[in-house]
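Chemist:
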């Protein structure tokens, strides 16, 4: 038992380091910011739709979206798709002139396999601080939101304290795979 907590502590730190390689910060022209995660080497980023929405829910426009990459460099991105009902948006980072952009996509996990009591970690840019991690447990998950039965909206409830800047960031399982 005396080695369990130090090992868990070390493993969680390594997990956060690995996930941070796929974590980006999304800045919007109206002053808002959130997080996102690299989905593919062809410069696709997933974030929440509300991160890329203006103050009245209007799309901010691709010219106003800036992404801070894991290496700290900043580049423009354009909005490819947005679904306000599912609160998801897909961005594409603009290709740099020198074409030396190396992105590390996150591995996709299986959110349907989550069970109450399992550990998860959320990563984001809380209050603009890069790579902030919050770990907690799954409270429950299911194929239908309890308050919207029959809609088919999958849900995951977790015991995590998320703050401004976490929006759009990944929820990962114990292997660092994207589950939410």
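Residue numbers (our numbering): -8 to 171. Built from N, CA and C at the ideal position, the CB exists for glycine as well.
Hey, how far is the Cα of residue 24 from the Cα of residue 127?
Modeler: 24 Å
Chemist: State the DSSP-derived secondary structure class of residue 13, mapped to helix, strand or coil.
Modeler: coil
Chemist: Opposite residue 110 in the DSSP bridges: which residues?
Modeler: 128
Chemist: Measuring alpha carbon to alpha carbon, tell me which of 109, 59, 31 ends up nearest residue 81.
Modeler: 31
Chemist: Note the first and the last residue of the continuous beta strand (DSSP E) segment covering residue 93.
Modeler: Segment: none, residue 93 is in no beta strand (DSSP E) and carries neither H nor E.
Chemist: Just confirm the distance between the C-beta atoms of residue 28 and residue 6, as a whole number of angstroms; I'd bet it's less than 8 Å.
Modeler: With a Cβ gap of about 14 Å, residue 28 and residue 6 do not count as contacting.
Chemist: Return the CA-CA distance between residue 133 and residue 2, expressed in angstroms with no decimal places.
Modeler: 28 Å
Chemist: Taking the C-alpha atoms as reference points, what is the distance between residue 157 and residue 115?
Modeler: 4 Å
Chemist: Smallest Cα separation from residue 124: which of 11, 41, 145, 79?
Modeler: 11
Chemist: Using only CA atoms, which one of 100, 106, 109 lies nearest to residue 171?
Modeler: 100 is the residue among 100, 106, 109 whose C-alpha sits nearest the C-alpha of residue 171.
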